[in-house]
Amino acid sequence: MTPVQSALLCLLLPAAFVVLACVVRHPDVKFVLLVMSAGALVACLLNLIEVAV
Numbered sequence: 006m007t008p009v010q011s012a013l014l015c016l017l018l019p020a021a022f023v024v025l026a027c028v029v030r031h032p033d034v035k036f037v038l039l040v041m042s043a044g045a046l047v048a049c050l051l052n053l054i055e056v057a058v
């Protein structure tokens, strides 16, 4: 697997957190899942930038 493929595969984690946040009814858990999604997305974007450089 190339580094670009692994970086793009990393995008599945934030997507999974967003899907879980849509399913969960409790507002506090929903907020935590969305924050985790944002953090995972930032980590993935940093990984993509590292691969591109």
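The numbering of the sequence shown is the numbering used here, which starts it at 6 and goes up by one.
Backbone N, C-alpha and C define an ideal beta-carbon position, used for all residues, glycine too.
Quick caveat: nothing in here was measured; it's all calculated off a predicted structure.
| Query | Result |
| --- | --- |
| Residue-level contact to chain B via CB, residue 30, 8 Å cutoff | Included in the structure is just one protein chain, with no chain B present. |
| Cβ pair residue 8, residue 56 closer than 8 Å | yes |
| Residue 42 to residue 30 span [Cα, whole Å] | 17 Å |
| Residue 12 vs residue 49 beta-carbon contact at 8 Å | yes |
| Start-to-end residues for the alpha helix (DSSP H) that takes in residue 49 | 32-57 |
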